[in-house]
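Protein chains: 2
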Amino acid sequence: MGAALQAWILTIGNEIINGVITDTNRENISRELRSAGIAVKGMTSVGDETRLIGDALEYAMSRAEVTIASGGLGPTEDDKTSAAVADFLGVPLRTDQEQLERIEQRFRQWARPMAPSNAKQAMFPETAIPVPNDYGTAPGFMIEKDGRIAIFLPGVPRELIRMLRERVVPAIVQRFGMSEQVFRARTLIVYGLSESKLGEILADVAKDEEDFHLAFLPRFPVIRLRMDARGPSAPDAELILDSKQALIEERIPENIISRDSRQMEQVVLELLEKKGLTLALAESITGGMIGEMITRVPGSSRVFMGSIVSYSNDMKHRVLGVTEETLSGHGAVSHRCAQEMALGALRAGNAAVGLSVTGIAGPDGGTPEKPVGTFFIGLAAPDTVLTRGFVLPGERGWVKTLAAMQALDLLRRHLLGYRIHGTVEDDAEGSASGGRFGPGKEG
Amino acid sequence: MGAALQAWILTIGNEIINGVITDTNRENISRELRSAGIAVKGMTSVGDETRLIGDALEYAMSRAEVTIASGGLGPTEDDKTSAAVADFLGVPLRTDQEQLERIEQRFRQWARPMAPSNAKQAMFPETAIPVPNDYGTAPGFMIEKDGRIAIFLPGVPRELIRMLRERVVPAIVQRFGMSEQVFRARTLIVYGLSESKLGEILADVAKDEEDFHLAFLPRFPVIRLRMDARGPSAPDAELILDSKQALIEERIPENIISRDSRQMEQVVLELLEKKGLTLALAESITGGMIGEMITRVPGSSRVFMGSIVSYSNDMKHRVLGVTEETLSGHGAVSHRCAQEMALGALRAGNAAVGLSVTGIAGPDGGTPEKPVGTFFIGLAAPDTVLTRGFVLPGERGWVKTLAAMQALDLLRRHLLGYRIHGTVEDDAEGSASGGRFGPGKEG
């Protein structure tokens, strides 16, 4: 997506350059600007030192029309941003009465005494225009020099991003006459395809266009597909998004988990609730991870009865009813065991659906026939009992996470009537598995 | 800790300035330099654009004696760092035969064909000195100008940090005559005290000294205490660490989880294994999180039998044997229920120790007597049955995590013979709980 206006990001604070914190403000500011069609040219971070702040500001303003700075607006001695900017402009600091009253009022609301040092937060370079902060005490401010602008915001991520979105970006868009363009974004959450496979399938859609940009944002184990579009009006931008989304949906209909921020576990819970089904789990390799994921969702207790985390064979036998014959004849990592675990979960939880997973997370315990990364999923639902096997080798935490996601995805696919495949062939005693599939693997 | 030598960090890549990735290289480089007594003055990030890279390099080298740069050393068209640095120096690029052979050899080891574009990774500015990469294909390189140096490393975090630690930092230390100083670091993992409380208790130890620095690095739900010391020899630096650590251990003996990177779950498993005890869980509020944490540790199956995640009351009753009278008379969130769950876990898992947790994660389900964040932990061990109650209000995921950590910490304290306290008073039917305690809360 072509963009005329260019920005530089400047973050200020000793904790940033000392590596004490991860400075996520930089990337958040960048994404926010990008959504508005403003390109980021570079980023600088410096400590709380007057001369370095002035230096970095001069560098930024000489390279981009807009500079967005954050940090150093607090009440303490360490906070030097306002003073540094006043120095840079060659103007004195002044107290802004309106902002001072806002700060005083905020402390009254909190019923807390205001420290004298907080008054410092209403002091700006004489020629600056304050940017009110509706979410904290530190207001921001804007300066202009040689037709270029710089905006200084507090470093608290929550306050920063809201001020940027609600006040600063609209002001920039107006100031630089970008108001005829409207920006819209949409994100699809995708599971079950590697980034390179997805890149191949969507190569043509991903080609940058004047008014459209598609970004692949992997967040293991899912990939977020972010679509940015712009047009002369909101309906125009939405129309572009609609047509691109239709193309994507046509290519990978079964891999799109949600069209908003809903994650796998929430989607599965909603599908179950809609069908009036309750769920119980039997987990071995995942150690409780699927239950943990499901119970992240508020209200999950309406659908989720519980999970039998049967790490020992003894628990698989006594609590879930996996037979001694299965355990000794096929082993705990087998189609048969997964099936009996799923049925056992259903009974133990008194639920409509039982979902199980058993496997080898590693680093030990693998064999030539069943290497680390082998796992079997069992599903027992009304009218269906099936199992699927997978081999997705990797580091222990990676294997556990994929086993949990594959189990939830198998249930999602079942509830939506999609194909359900595995990567491991039948063993003589297990049920059918076909196809080849694996995130992170082409196939 | 005073430091003479100053550094600037430069990270290069479109994905950084577009906010597509979180650039953790900056903070990792900063921490690594700081451990060696090199102060970071500032950081710049630019996209893959020759002129901007040269510009940023000039800026960095004019402000600090050492510049550490990362990124843009890959094989594709996008990777422009070497060319930009050659431009900056006014010298041509040349192929380094030794590095080219190392790259070719790596591909032979992997039994993969080498793309012609990979040869580009052995091309450096004529006057540069290559920095071999033992962990990937892209070598780095060092340049010198006006007595100042800049080192360019690949952007892959794992390769970058090892090259920095093993080759670059030692070279800088030698180059700038810092070799008389030896740097040593140690990290303690602390749980159960808020950052501000810990800051108060250790105020005097945390005061910066010429040869010692203490950093508080919160990684919810623990705080890492990082100690950096330097001295004329390794034993000198170790001696400083020993004396500071002794001070800290004296103040907070029961809150130190480990003196290395071992996390709570690993420490608990090791204590159990040493005593020959097996463990089973009964989880409600945590939904499986404790089992998931425990099974992160390789070999946990030697100790961990499993977990009954009894989200429904029906499962608490049928699988764990919690009585109807307890559920209707005291409720599922009570001392009594926690106790019966712990005993039920012990039976279901056929284990020596049963650990349970039941509570209200929110956002719904709270009452005036039992608000969101209320939870009860039960422990059934040889010769001990006890319960403790806590109220630690917060967001759902936060409450779940603290409930899981408090349960593991209660077991840890029991195994070590420490005090075990709760924040909630007795209810008439529960067992004793005393003291007041809560991470994130003072008192």
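Sequence lines, in order, name chains D and F. Start counting the first sequence at 983; every next residue gets the next number (the numbering used here). Start counting the second sequence at 983; every next residue gets the next number (the numbering used here). C-beta: ideal position from N, C-alpha, C; glycine also. Since this is a predicted model, take the numbers as computed values, not measurements.
Which class does residue i belong to by DSSP, given the choice of helix, strand or coil?
| i | result |
| --- | --- |
| residue 1050/F | strand |
| residue 1031/D | coil |
| residue 1266/F | coil |
| residue 1292/D | strand |
| residue 1374/D | coil |
| residue 1124/D | strand |
| residue 1152/D | helix |
| residue 1081/F | helix |
| residue 1096/D | coil |
| residue 1195/F | strand |
| residue 1131/F | strand |
| residue 1381/F | helix |
| residue 1418/D | Confidence in residue 1418/D is poor, its pLDDT being 31 and thus under 50, which makes the residue's placement unreliable; the coordinate value appears in the next sentence. Of the three classes helix, strand and coil, the one that applies to residue 1418/D here is coil, per DSSP. |
| residue 1412/D | Only weak support exists for where residue 1412/D lies, its pLDDT of 40 falling under 50; the value from the coordinates is given anyway. Correct three-state label for residue 1412/D: coil. |
| residue 1425/D | Annotation note: pLDDT 26 at residue 1425/D (below 50); position unreliable, coordinate value reported separately. In this structure, residue 1425/D counts as coil in the three-state DSSP scheme. |
| residue 984/F | Note on residue 984/F: pLDDT 48, under 50, position unreliable in the model; the coordinate value appears next. Coil at residue 984/F, not helix or strand. |
| residue 1352/D | coil |
| residue 1338/F | strand |
| residue 1301/D | coil |
| residue 1402/F | coil |
| residue 1089/D | helix |
| residue 1257/D | coil |
Compute the beta-carbon to beta-carbon distance between residue i and residue j, rounded to the nearest angstrom, for a pair I have assumed lies under 8 Å.
| i | j | result |
| --- | --- | --- |
| residue 1199/D | residue 1138/F | Incorrect: roughly 19 Å between the Cβ atoms, too far for contact. |
| residue 1036/F | residue 1069/F | 6 Å |
| residue 1343/F | residue 1267/F | 5 Å |
| residue 1338/F | residue 1264/F | 4 Å |
| residue 1304/D | residue 1269/D | Actually they do not touch by this definition, with Cβ atoms about 17 Å apart. |
| residue 1396/D | residue 1370/D | In fact, because the Cβ distance is near 10 Å, the residues do not count as touching under 8 Å. |
| residue 987/F | residue 1048/F | 6 Å |
| residue 1042/D | residue 1028/D | So it is not a contact: roughly 11 Å between Cβ atoms. |
| residue 1390/D | residue 1246/D | 5 Å |
| residue 1170/F | residue 1014/F | Going by Cβ atoms, the distance from residue 1170/F to residue 1014/F rounds to 20 Å, so no, they are not a contact pair. |
| residue 1261/D | residue 1333/D | 6 Å |
Which one of the options has the shortest CA to CA distance from residue i?
| i | options | result |
| --- | --- | --- |
| residue 1326/F | 1350/F, 1194/F and 1336/F | 1336/F |
| residue 1168/F | 1084/F, 1225/F and 1105/F | 1225/F |
| residue 1376/F | 1367/F, 1364/F and 1341/F | 1341/F |
| residue 1104/F | 1079/F, 1095/F, 1124/F and 1092/F | 1079/F |
| residue 1212/F | 1190/F, 1345/F and 1203/F | 1190/F |
| residue 1286/D | 1009/D, 1295/D, 1273/D and 1298/D | 1273/D |
| residue 1000/D | 1271/F, 1110/F, 997/F and 1012/F | 1012/F |
| residue 1380/D | 1261/D, 1308/D, 1201/D and 1259/D | 1201/D |
| residue 1166/F | 1156/F, 1210/F and 1149/F | 1210/F |
| residue 1098/D | 1085/D, 1107/D, 1373/D and 1118/D | 1085/D |
| residue 991/F | 1025/D, 1018/D and 1350/D | 1025/D |
| residue 1128/F | 1259/F, 1022/F, 1046/F and 1032/F | 1046/F |
| residue 1405/F | 1355/F, 1236/F, 1366/F and 1393/F | 1355/F |
| residue 1083/D | 1115/D, 1284/D and 1158/D | 1115/D |
Starting from residue i, find everything on chain F with Cβ-Cβ shorter than 9 Å and list it in chain order.
| i | result |
| --- | --- |
| residue 1326/D | Neighbours of residue 1326/D on chain F: none; closest Cβ ~11 Å, over 9 Å. |
Strictly below 8 Å CB to CB, what residues from chain F border residue i?
| i | result |
| --- | --- |
| residue 1272/D | 1270 |
| residue 1379/D | 1278 |
Name, please, each residue of chain D whose Cβ falls closer than 9 Å to the Cβ of residue i.
| i | result |
| --- | --- |
| residue 1026/F | 1024, 1025, 1026, 1027, 1038 and 1041 |
| residue 1006/F | 1004 |
| residue 1283/F | 1293, 1294 and 1347 |
| residue 1237/F | The premise fails here: residue 1237/F is roughly 21 Å from chain D at the closest Cβ pair, so nothing lies under 9 Å. |
| residue 1330/F | 1290, 1297, 1300 and 1301 |
Cβ closer than 7 Å: which chain D residues qualify as neighbours of residue i?
| i | result |
| --- | --- |
| residue 1002/F | 1197 and 1199 |
| residue 1357/F | Chain D residues near residue 1357/F: none, gap ~13 Å exceeds 7 Å. |
| residue 1171/F | Those within 7 Å of residue 1171/F in chain D number zero; the least Cβ separation is about 17 Å. |
| residue 1009/F | 1001 and 1004 |
Since residue i meets chain F, which of its residues come closer than 7 Å, beta carbon to beta carbon?
| i | result |
| --- | --- |
| residue 1048/D | Those do not exist, as residue 1048/D stays about 14 Å from chain F at its closest Cβ, beyond 7 Å. |
| residue 1012/D | 999, 1000 and 1001 |
| residue 1115/D | The premise fails here: residue 1115/D is roughly 22 Å from chain F at the closest Cβ pair, so nothing lies under 7 Å. |
If we cut at 7 Å on Cβ distances, does residue i have a partner in chain B?
| i | result |
| --- | --- |
| residue 1287/F | Absent here is chain B; the protein component of the structure consists of chains D and F. |
Q. Are the region 1037 to 1053 of chain F and the region 994 to 1012 of chain F in contact at 8 Å, needing three or more beta carbon pairs?
A. A contact between stretches requires three or more CB pairs, one per stretch, nearer than 8 Å, and the region 1037 to 1053 of chain F meets this requirement with the region 994 to 1012 of chain F.
Q: Could you say if the region 1210 to 1217 of chain F and the region 1138 to 1152 of chain F meet the contact criterion of at least three C-beta pairs nearer than 8 Å?
A: no
Q. Given 8 Å as the limit, is there contact between the region 1356 to 1372 of chain F and the region 1301 to 1320 of chain F, that is, 3 or more CB pairs closer than that?
A. yes
Q.
Contact between the region 1083 to 1091 of chain F and the region 1168 to 1178 of chain F is defined here as three or more beta-carbon pairs at a separation below 8 Å; is this criterion met?
A. No, the region 1083 to 1091 of chain F does not touch the region 1168 to 1178 of chain F.
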